[in-house]
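Just so we're aligned: the sequence shown equals residues 929 to 1267 in our numbering. Quick reminder that beta carbons are idealized off the backbone N, C-alpha and C, glycines included. Remember, predicted model here, so these are calculated numbers, not experimental data.
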Amino acid sequence: MRDCRQVRVRTPQRLIILALAVAMSFLGPQAVASQQEMAAEETPAADELIGRILRGGEPVPGAPVTLHRVTPEAAGEAARSVTDSEGGFRLPLDLQTESEFNVFFVTTEYLSARYFGDPIHPDSLSGDYVIEVFDTTSTPAEPVRIVSRDIVLLPEELGSWEVNEIVRVQNPNQKTVVAPDGMPTWQFSIPEEAAQFQVGEGDILPREVTLMDQEVLLITPVTPGERDLWIRYRLPASPARAAFALDQPTESFSLFVEQPSHLISVEGLASTRMVEADGEQYLQYSAQALAPGAQILLEWSNVGSAPVDPVIAAVAATLIVLALGLLWGAIRNRSARTA
929 MRDCRQVRVR TPQRLIILAL AVAMSFLGPQ AVASQQEMAA EETPAADELI
979 GRILRGGEPV PGAPVTLHRV TPEAAGEAAR SVTDSEGGFR LPLDLQTESE
1029 FNVFFVTTEY LSARYFGDPI HPDSLSGDYV IEVFDTTSTP AEPVRIVSRD
1079 IVLLPEELGS WEVNEIVRVQ NPNQKTVVAP DGMPTWQFSI PEEAAQFQVG
1129 EGDILPREVT LMDQEVLLIT PVTPGERDLW IRYRLPASPA RAAFALDQPT
1179 ESFSLFVEQP SHLISVEGLA STRMVEADGE QYLQYSAQAL APGAQILLEW
1229 SNVGSAPVDP VIAAVAATLI VLALGLLWGA IRNRSARTA
């Protein structure tokens, strides 16, 4: 993989919606952040966030904290501070009143690792905001693993594909995993034909990821719990095939193909259903509990061929219009619906 320029966005409004859903879902159960009750006299005002940084239940003084704001228009830093002797901090909630909504979350750093707090809305402040941090290890008892890979394929007019992936990784240990100098903490592969690679903003930042041929390398500590990596790249029209080679156990692998498309076949996954997001339809292929050595093989028609509508071949599939019309929301809430 040689070309790492920014990927052109085919459908800006739709991908903005998907990106916002992803940005919100990034703030899930990572870093084992929890909300705890506090005394009524300490309840924060709606324009202020009060929180603490703890390690093993003990306060962490002098820790840098950064408040982030997410709106439909943008996302970025809103305020900074440092924890006091009791591990506490106060941050102003500066609302963007012209936006439809404002969501905030806090990040902190401890022993060179970055930790995330839960997402909050100013109207729902109801307790102490706590972020738990951890000691580090370079020899974890259990390896970092893939919980899920969710991939969206968007067909392009000349036969190429825009590929959007969310890879959810899990550190099952009670320590943050670090790596020796110059070594990645974790890695996985994408198709060798992939080009124009881009890392999306999330709880794993672009500067924390690098490429070596088709290997995506994570060069940042991996905190306990789950984290999401959002990447985007393009598959060329020729050769009219691609392979996702899995070199580690993968609990869940899902492929969402925008319809109609020129995709001919998918090996290694089963066609399960049609889903709808923002007025577009996607055919979903999925598999569970994939072992190392498994391959997902894709094949599509030649450039210039008419798109193939798999709806005809999948008339038995259930048509599901998902809540809020957000594909990424459907992906991230899959476990909750099946629980």
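With DSSP run on the structure shown, which of helix, strand or coil describes residue i?
{"i": "S1052", "result": "helix"}
{"i": "E1136", "result": "helix"}
{"i": "E1087", "result": "Position check: residue 1087 holds Gly in this sequence, whereas Glu was assumed. Note: G1087 maps to coil in three-state DSSP."}
{"i": "D1156", "result": "strand"}
{"i": "F1062", "result": "coil"}
{"i": "E1093", "result": "strand"}
{"i": "G1128", "result": "coil"}
What residue range is occupied by the uninterrupted beta strand (DSSP E) comprising residue i?
{"i": "L1174", "result": "It is not in any beta strand (DSSP E) - L1174 carries neither H nor E in the DSSP assignment."}
{"i": "P992", "result": "P992 to V998"}
{"i": "L977", "result": "E976 to R983"}
{"i": "V1148", "result": "One detail in the question is off: residue 1148 reads as Thr in this sequence, not Val. No beta strand (DSSP E) holds T1148; DSSP gives it neither H nor E."}
{"i": "L1226", "result": "Q1223 to W1228"}
{"i": "S1199", "result": "A1198 to A1205"}
{"i": "Q1142", "result": "No beta strand (DSSP E) contains Q1142, which DSSP labels as neither H nor E."}
Might you give, ordered along the chain, the residues of its own chain that have their beta carbon closer than 8 Å to the beta carbon of residue i, omitting 5 neighbours on each side?
{"i": "M1111", "result": "none"}
{"i": "S1065", "result": "One detail in the question is off: residue 1065 reads as Thr in this sequence, not Ser. The residues are N1101, K1103, T1104, V1105 and V1106."}
So, for residue i: in the same chain, excluding its five sequence neighbours on each side, which residues have a beta-carbon less than 6 Å away from its beta-carbon?
{"i": "W1228", "result": "A1168, H1190, L1191 and I1192"}
{"i": "W1158", "result": "V950, I1094, G1128 and G1130"}
Give me whichever residues DSSP pairs with residue i in a beta bridge.
{"i": "F1181", "result": "R1077 and A1215"}
{"i": "N1099", "result": "G1153"}
{"i": "L1191", "result": "W1228"}
Just to confirm my understanding: we take residue i, look at its own chain, exclude 5 residues before and 5 after, and list those with CB closer than 7 Å. What are they?
{"i": "P1134", "result": "V1127"}
{"i": "Q1102", "result": "F1062 and P1152"}
{"i": "A1173", "result": "S1117 and Q1223"}
{"i": "Y1043", "result": "A959, T1035, T1036, I1059, V1061 and T1151"}
{"i": "W1089", "result": "L1081, L1082, P1083, R1162 and L1163"}
{"i": "A1170", "result": "P1119, E1121, L1163 and L1226"}
Using CA atoms only, rank isn't needed, just tell me which of the options is closest to residue i.
{"i": "I1059", "options": "S1214, Y1213, L1226 and G1015", "result": "G1015"}
{"i": "S1009", "options": "V998, T999, P1188 and T994", "result": "T994"}
{"i": "I1132", "options": "P1020, D1063 and A1041", "result": "A1041"}
{"i": "G1004", "options": "G984, P992 and V1031", "result": "V1031"}
{"i": "L977", "options": "E986, E1001, A1006 and G990", "result": "A1006"}
{"i": "T1036", "options": "I1094, E1093, V1095 and G990", "result": "G990"}
{"i": "E1120", "options": "D1141, P1108, V1137 and E1026", "result": "D1141"}
Kindly examine the ligand ZN and report whether one of its heavy atoms sits closer than 6 Å to the Cβ of residue i.
{"i": "A991", "result": "Ligands are entirely absent from the displayed structure, and the ligand ZN is therefore not among its contents."}
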